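Q:
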Amino acid sequence: MRQPPAGDSTKTRPISSRRRAVCQAMAGLALEPIQAIGAPFIHTKGRVKLRVLGTHVTLREAIRRQAEQDLGIDLVFMPGGNAEILYQASSDPDCFDVYEQWSNSIKILWRAQSIQAIETRRIALWDAASDLAKTGRLTPNAPIGRGDAPCKLINVQPNGTLGLDPTGRISFLPYVHNVDAFGYDTRIVPTGIPYETESWSWMLNPRWRGRVALVNDPTIGLFDMALAAQASGLIEFEDIGELTKGEIDRLFEILIALKLAGHFSGFWSEVPESIEMMRSGRAAIASMFSPAITDLKESGIPAVYAAPREGYRAWHGVMCLSSRCQGRALDAAYDYMNWWLSGWPGAFVARMGYYISVPEPARAQLTQNEWDYWYDGKPAATDLPGPNGEIAVRAGSLRNGGSYWQRFSNVAVWNTVMNTYEYSLPRWYELLLA
Amino acid sequence: MTDETRHPFAGPLANLSIGPRIGLGFGLVVIALIAVTLIDHMRLEHSNEQFRRSEWLTSQTDKILDIELRMTDLQRRVLAFTYSGYSGIVIRVRSLVIELRQRMEEVNNTLDNPKQRQLLTRMLELFELYAHNFERAVEERKRHDRWTDEGLTPLNARAVTLIQRLRETPTRGDPAIGTVLSVGLEELLLAHQDALAFQKSPDSLLMQSALAHLNAFEAHLKQIAQILRDSGQTQSIEELSSLGEQYRTAFFGMVRSTRAYLFLIYVVMAGEAAELDRLADTLKDLTLAQKSELRRKTDQDIRTARNITLGLSGLTILLTAVLSWRIARGITRPLILMSDTLTRLSEGQMDAEIPYGDRTDEIGAMAKAANIFREEVGKKQRAEAANRAKSLFLAHMSHELRTPLNAILGFSELIAHMPSTPNEQLDYLRTINRSGSHLLDMINDILDMSKIEAGQFETQVTRVDLWQLLDDVTSMFALKADQKGLDFRLERAAEVPRVIQTDAAKLRQILINLLGNAIKFTDHGQVRATIAVEHSESGPPTLLCEIEDSGSGIPPDRLASIFEPFVQIDTSEREGTGLGLAISNRFATLLGGSIKVESAVGKGSRFSLQLPLDIAKQAPLSTQAEFLPMAQPEPNQPAYRILNVEDNANNRLLLETLLKTTGLDLRTATNGAEGVEAFRQWHPDLVLMDIRMPVMDGLEATRRIRALPGGKTCRIVAITASSLSAEREQILSADFDGFMSKPYRNRDVQSLLEQHLDLKFKKQDNNSEKCNAQSGSPLTLPKDLHSLLTEPLILGDAKRIEAALGNIEPNYPAVAAMLREWAADYQYQRILSWLDDDNDSGRTHNGGHHPDRG
């Protein structure tokens, strides 16, 4: 039985209580979050130490080792749960140098002034980056998608807000991205046809009662449910990217009723948890992140990442600089960010099913078969390996949803922090503990 | 014969001894029982254990339920904190956290199921996260409060104050400043309002609105700053601007903290709590599953154990049954059969089958013993048969031998008594008689000997009056000794008891034999019989009878062999069968004693008979004679003088005792000489004279007394033990007035006194008469009955003798018994003698003065 792809080697560790305490202590020293001068950070003689706060999705041991090797720096990965690291980053920018998560954290982090703008001129391949993040459309006719499309968040406007107009300063470096849906165990849930039979409504189908799991994050899981509820015809939203209080109330009514009926078998906070849930049979259908599906496949469980006909829930990975990052660490951070777009990481994450903002360098690192499968949506000519080297894709299988471009033409909504975010919190709590 | 030994389960066990076999059998049963007990015990222990475990599981479930309860409580309080921020709740939550942790650890320590441990470990992990997150939430809340209380509110207040001041300050120029200030103030207040509203009900819109207002406020301030010239005011504006910055910072801080702790509580902690709940439920389910599994197992175990117990018990019962059957078959039945066989054998059924001869255990041993028993019994029977045959032969032969002999003796006697028999023929007849007697003696001896050889003599030990016996025996030979001119004396030691336990007949025969020999083989000199008691340190005293003679003696080389049968010392003219000593020796041995001999040729011999002395209890001094007290003479009669001349102290005592009560004057003398002297001095009226006495015997003493003055008128009565008619003749011719035979009874003494002294006695009652009659029925037979016996005796016709005795028996049972006893032994001569004596009118003889004296 394979270990879930958690980052647990010497240099990657979850946010331990001790670390937290240290960060806390440091934070507690200051009444005001912004110190004028001398925010303490860790000095290292010789090699720079770069602390990266993120999730298990991108903070992988293989990547870390490769980066260390390629960049000659000491990389400290600090993976954690979505909610965890978001909170950590927003409350304590001293804890990290680089922050990796998704675009739905940008608003919170920007408003909390935990991150600083990135100069695009220091990003070597900025121009080669795809339009998805810059304009919002990968292909000319693709819908932008509701909610916080990254293009709306990326440009730092002169007044400090985030907006569509490019200014040469961005709030995040777009790198890894993907369209998400739900995953399902084909041993239990019969395989559907992408974009036709596969539907978000499956998640609320009473047939799977007691075997549905959600991600414990209102900015992600709620959208899964909103899409599912809308797809099931239970509710209709004005703007699924900006739910109103009333809509939220109604949605939660439905969800809580389902929870009481025992529809949901669990809420997961970290990717390994989600893998375990599906592996143990606790969930047959669940909010999933792509690498989890790959992992399950590698360990022989026939999981499928759906391609719902209503469209995907898209997300864009973000690399942010801590507002406290400076000096050598800052330089190292830029190196690290550039390295991410340089090809090897892009190829690595491709095998997880992720796309990268600058595809061509990654393509060079992939075999033709791999490129065909992962990006072009063609059937796998041979067995293809996953990020850990195990066979993840059987020869002849097809990437669900088709090619990169096809998939990103079917975005329904982006992971978003809505205005009713705060309102949704207590509701979410109710749902969890119903 | 049923082949019992070949029954199905014989095998090697049949050769084992019975004890071990039974032991083995019972051992097996015991083992089975022990096994049952053990299993039962184990079952109870096991059940007990399972029960305990069940209880433990229940307590575990309870603990987990408790944990769940507390967690619910915890969440409730956390939620309460979310709304109120009240520090009291924090304290309560913290203590709940500690409690829960304790309880979870407690449960963790007692769990033994790895799956459960895993669950609980995860629970503990999550719980720690939860607790930690709570602390962070509290922190954030504090920060939020600080932002508000130390930031927003005072900042706002200061700003407002400042603006107010500014407004009141008169300004040079632009009234627009005042307006702008007012608008700015408005914006500030609105922002603050939004901020406060946000606190109450967090909403991104409110935040955005507040920001917008703050931005507006900033904008207005800039506007004013451009217009103002006054440095003082400009400073204030700058101050305001700075305040505005600070306010913005505080606001962001507040917003962030709010979101942070809300997020923590609503999302992170909620997720953890939900998972904790789920884990607790799973744990509980596991425990319950364990419990029901345990229950199921317990039931099964009980059933199994019960089955085993039942099975074993059944087995034990079966085993016991089999055992009983086997014991019955293998032991009880053979025992019964064997017992039957033995019984039959002992009853004489020699043809009874002896089963189980080839078994090698106790039963087999019994069979072998039974076989031997049967052989022995057979032998015994054959021996008995042989003996009987021998005895029959002996009896027959003795009868055949004696019958003609008796005829010879009888008829020769008859002829001898016929007056017409010439003297010459008398001699021949005497010879015939003597020879015949001798032959009879020899036949008797031979028969005795063969009886001894056949082991048919038994000792009949009774109480015997030893003194009487000795007197009898000695008086038998007194005459013969006298005729031969021998000095024959019996000396009896004083300590020799009167009554002993012995076989009288045999003792008598021994003494007769020894004395007879002594007298026979002594021509001149003396024969002395000494009776004494010999004491030894070890063992009982012995009776010693020494018969010493001054005869020819026995050569030393013959000494050893004289006790052998048919060995005679001197075969010349001595008569004898040669069996006497042999018989005496045998008899002595039978009585538990021995005979020794010492002899010197020409000097004499001494034969010593030693017998173990079995002193009979001190019996009444006399035999049957003293059942009743002596009769009393009637009063007013003269006190006659009676002289008792008796050497035997006991006899003297006897007479004394008898005459004591009569009031008569009694004196005694111990021998003849003393008696004469006593007579001379005392002049008694009646003399009771014992015959056999030392120094001077009764006959001589009587002669002397008669020669004395007054001697002729005195009554002298002879007291004699002898029943021989010859001696009686002698007594009568010796000038006695009468005689009394020993043993005498009071009645005899009474009639003596009546007769010779004319003493009258009182009548005694019937009882005494009867007793007297019974105890000492006078062994006498009426004359007319004598004839019944005489002829058959002479002819030796045993059948007719028996018939005659049968006729006598009804009226004279004692006599008949006595005679029968003698007849059985063919002592017909003895019977005839007795009849003669009886003819002489019984015991007391009314002699009076003998007419033919001289």
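As you go down the protein sequences, you meet chains A and B in turn. One point on numbering: in the UniProt record's numbering, the residue at position 35 of the first sequence is 35, and numbering is uninterrupted. One point on numbering: in the UniProt record's numbering, the residue at position 388 of the second sequence is 388, and numbering is uninterrupted. Glycine included, C-beta positions come from ideal geometry on N, C-alpha and C. Treat the numbers as computed from the prediction; the structure is a model and nothing was measured.
Please decide whether residue 104 (chain A) counts as near chain B, where near means a Cβ-Cβ distance under 8 Å.
A: For the purposes of this step, residue 104 (chain A) is identified with residue 104 of the first sequence, where counting begins at 1. False, the Cβ-Cβ gap to chain B never drops below 8 Å.
Q: For the 8 Å Cβ check, are there 3 or more pairs between the stretch 68-85 of chain A and the stretch 219-226 of chain B?
A: no
Q: What are the residues in the stretch 174-207 of chain B lying within 7 Å of chain A by C-beta distance?
A: 202, 203, 204, 205
Q: Runs of 4 residues minimum, wholly inside the stretch 772-826 of chain B: which ones carry the alpha helix (DSSP H) assignment?
A: 783-795, 798-808, 813-824
Q: Find the residues of chain A that neighbour residue 268 (chain B), judging by a C-beta separation of less than 9 Å, and give them in chain order.
A: Here residue 268 (chain B) is taken as the residue at index 268 of the second sequence, counted from 1. 81, 83, 84, 87, 216, 269, listed in chain order.
Q: Could you compute how far the alpha carbon of residue 585 (chain B) sits from the alpha carbon of residue 695 (chain B)?
A: On the second sequence, position 585 is the one that residue 585 (chain B) refers to. On the second sequence, position 695 is the one that residue 695 (chain B) refers to. Cα to Cα, residue 585 (chain B) sits roughly 33 Å from residue 695 (chain B).
Q: Is the distance from the Cβ of residue 355 (chain A) to the Cβ of residue 404 (chain A) below 8 Å?
A: Here the question's residue 355 (chain A) lines up with position 355 in the first sequence. Here the question's residue 404 (chain A) lines up with position 404 in the first sequence. It is a contact, given that the beta carbons lie within the stated cut-off.
Q: Within 8 Å of any Cβ in chain A, is that where the Cβ of residue 117 (chain B) sits?
A: Taking the first residue of the second sequence as 1, we reach residue 117 (chain B) at position 117. No, its Cβ sits nowhere closer than 8 Å to a Cβ of chain A.
Q: Check whether the Cβ atoms of residue 127 (chain A) and residue 138 (chain A) sit closer than 8 Å, and answer yes or no.
A: Stepping through the first sequence from its first residue, residue 127 (chain A) is reached at position 127. Stepping through the first sequence from its first residue, residue 138 (chain A) is reached at position 138. No, these two residues do not count as a Cβ contact at 8 Å.
Q: Any beta carbon from chain B within less than 8 Å of residue 266 (chain A)'s own beta carbon?
A: To locate residue 266 (chain A), count along the first sequence from 1; it is residue 266. Interface residue, yes.
Q: Give the residues of chain A in contact with residue 243 (chain B), contact being defined as C-beta atoms less than 9 Å apart.
A: Reading the second sequence from its first residue, position 243 is the one you call residue 243 (chain B). Residues of chain A passing the Cβ test: none, with the nearest at roughly 14 Å.
Q: Using the DSSP secondary-structure output, state which residues sit across from residue 489 (chain B) in a beta bridge.
A: Translated into the one-based positions of the second sequence, residue 489 (chain B) becomes position 489. Per DSSP, B:528.
Q: Which chain A residues are close to residue 88 (chain B), counting only those with a beta carbon under 7 Å from its beta carbon?
A: Here residue 88 (chain B) corresponds to residue number 88 of the second sequence, with the count starting at 1. Residues of chain A passing the Cβ test: none, with the nearest at roughly 22 Å.
Q: Can you tell me whether residue 100 (chain A) is helix, strand or coil according to DSSP?
A: As a first step, residue 100 (chain A) is located in the first sequence; it is residue number 100 there, counting from the start. In this structure, residue 100 (chain A) counts as strand in the three-state DSSP scheme.
Q: What in chain B is Cβ-close to residue 476 (chain A), meaning under 7 Å?
A: Lying outside 1 to 434, the shown extent of chain A, residue 476 (chain A) is not represented and no answer is given.
Q: Could you work out which residue in B:520, B:544, B:801, B:541 is closest to residue 552 (chain B) when comparing CA atoms only?
A: Taking the second sequence and counting its residues from 1, one reaches residue 552 (chain B) at position 552. The residue with the shortest Cα to Cα distance from residue 552 (chain B) is B:520.
Q: Taking contact to mean 3 or more Cβ pairs, one atom from each stretch, closer than 8 Å, check whether the stretch 37-46 of chain B and the stretch 386-394 of chain B are in contact.
A: Too few Cβ pairs lie closer than 8 Å, so no.
Q: Report the three-state DSSP secondary structure of residue 588 (chain B) (helix, strand or coil).
A: Counted from its first residue, the second sequence places residue 588 (chain B) at position 588. Helix at residue 588 (chain B).
Q: Skipping 5 residues on each side, what residues in its chain have a beta carbon closer than 7 Å to that of residue 369 (chain A)?
A: The residue you call residue 369 (chain A) lines up with position 369 of the first sequence. Taken in chain order, the residues that qualify are 380, 381, 382, 384.
Q: Go through the stretch 106-132 of chain A residue by residue and report every complete run of the beta strand (DSSP E) that reaches 3 residues or more, in order.
A: none
Q: Starting from the beta carbon of residue 171 (chain A), find every residue of chain B whose beta carbon is closer than 8 Å, and list them in chain order.
A: In the first sequence, counting from the first residue as 1, residue 171 (chain A) sits at position 171. In chain order: nothing, as chain B lies at least about 16 Å away.
Q: Please check if any C-beta of chain A sits within less than 8 Å of the C-beta of residue 271 (chain B).
A: On the second sequence, position 271 is the one that residue 271 (chain B) refers to. So yes, residue 271 (chain B) belongs to the interface.
Q: Between residue 398 (chain A) and the rest of its own chain, which residues show a CB-CB distance below 6 Å, the 5 nearest in sequence each way excluded?
A: If you number the first sequence from 1, residue 398 (chain A) lands on position 398. Taken in chain order, the residues that qualify are 379.
Q: Give every residue of the same chain whose Cβ lies closer than 7 Å to the Cβ of residue 187 (chain A), excluding the five residues on either side of it in the sequence, and list them in chain order.
A: As a position in the first sequence, residue 187 (chain A) is number 187, starting the count at 1. Within its own chain, the residues whose Cβ lies closer than 7 Å to the Cβ of residue 187 (chain A), once the five positions on either side in sequence are excluded, are 302, listed in chain order.
Q: Which term fits residue 81 (chain B), buried or exposed, when burial requires 16 or more other beta carbons within 10 angstroms of its beta carbon?
A: Residue numbering aside, residue 81 (chain B) sits at position 81 when the second sequence is read from its first letter. Buried is the call here.
Q: Within 8 Å of any Cβ in chain B, is that where the Cβ of residue 426 (chain A) sits?
A: Your numbering for residue 426 (chain A) matches position 426 in the first sequence. The Cβ of residue 426 (chain A) sits closer than 8 Å to at least one Cβ of chain B.
Q: Using a C-beta to C-beta distance shorter than 8 Å, which residues of chain A count as neighbours of residue 75 (chain B)?
A: Numbered from its first residue, the second sequence carries residue 75 (chain B) at position 75. Ordered by position in chain A, the residues that pass the 8 Å Cβ test against residue 75 (chain B) are 433.
Q: For chain B, find out if any of its Cβ atoms is closer than 8 Å to the Cβ of residue 414 (chain A); answer yes or no.
A: Start at 1 with the first residue of the first sequence, and residue 414 (chain A) comes out as number 414. No, residue 414 (chain A) does not count as interfacial toward chain B.
Q: Shorter than 8 Å from the beta carbon of residue 25 (chain A) to some beta carbon of chain B?
A: On the first sequence, residue 25 (chain A) is found 25 positions in, with the first residue counted as 1. Unreliable positioning characterises residue 25 (chain A) in this predicted model, as indicated by a pLDDT of 42, which lies under 50. The coordinate reading is nonetheless provided below. Contacts with chain B at 8 Å (Cβ-Cβ) do not include residue 25 (chain A).
Q: Using a Cβ-Cβ cut-off of 8 Å, state whether residue 310 (chain A) counts as contacting chain B.
A: Position 310 of the first sequence holds residue 310 (chain A). No, residue 310 (chain A) lies away from the interface with chain B (no Cβ there is under 8 Å from its Cβ).
Q: With contact counted as at least three CB pairs below 8 Å, one residue from each stretch, are the stretch 194-201 of chain B and the stretch 251-270 of chain B in contact?
A: Under the 8 Å Cβ criterion, the stretch 194-201 of chain B counts as touching the stretch 251-270 of chain B, having at least three qualifying pairs.
Q: Can you name, in chain order, every residue of its own chain whose Cβ lies under 7 Å from the Cβ of residue 420 (chain A), other than the five neighbours on each side?
A: On the first sequence, position 420 is the one that residue 420 (chain A) refers to. So the qualifying residues of the chain are 243, 244, 245, 248.
Q: Measuring only between beta-carbons, confirm whether residue 486 (chain A) sits less than 8 Å from chain B.
A: The structure shown does not extend to residue 486 (chain A), since chain A is modelled only from 1 through 434, so no value can be given for it.
Q: DSSP three-state call for residue 53 (chain A): helix, strand or coil?
A: Within the first sequence, residue 53 (chain A) is the residue found at index 53, counting from 1. If DSSP states are grouped into helix, strand and coil, residue 53 (chain A) belongs with the strands.
Q: Given this structure, state the Cα-to-Cα distance separating residue 275 (chain B) from residue 266 (chain A), to the nearest angstrom.
A: Taking the first residue of the second sequence as position 1, residue 275 (chain B) is located at position 275. Taking the first residue of the first sequence as position 1, residue 266 (chain A) is located at position 266. Inter-residue distance for residue 275 (chain B) and residue 266 (chain A) is about 7 Å (C-alpha atoms, whole angstroms).
Q: Of all Cβ atoms in chain B, is any one closer than 8 Å to the Cβ of residue 112 (chain A)?
A: Here residue 112 (chain A) corresponds to residue number 112 of the first sequence, with the count starting at 1. Contact with chain B is found for residue 112 (chain A), since one of that chain's Cβ atoms lies less than 8 Å from the residue's Cβ.
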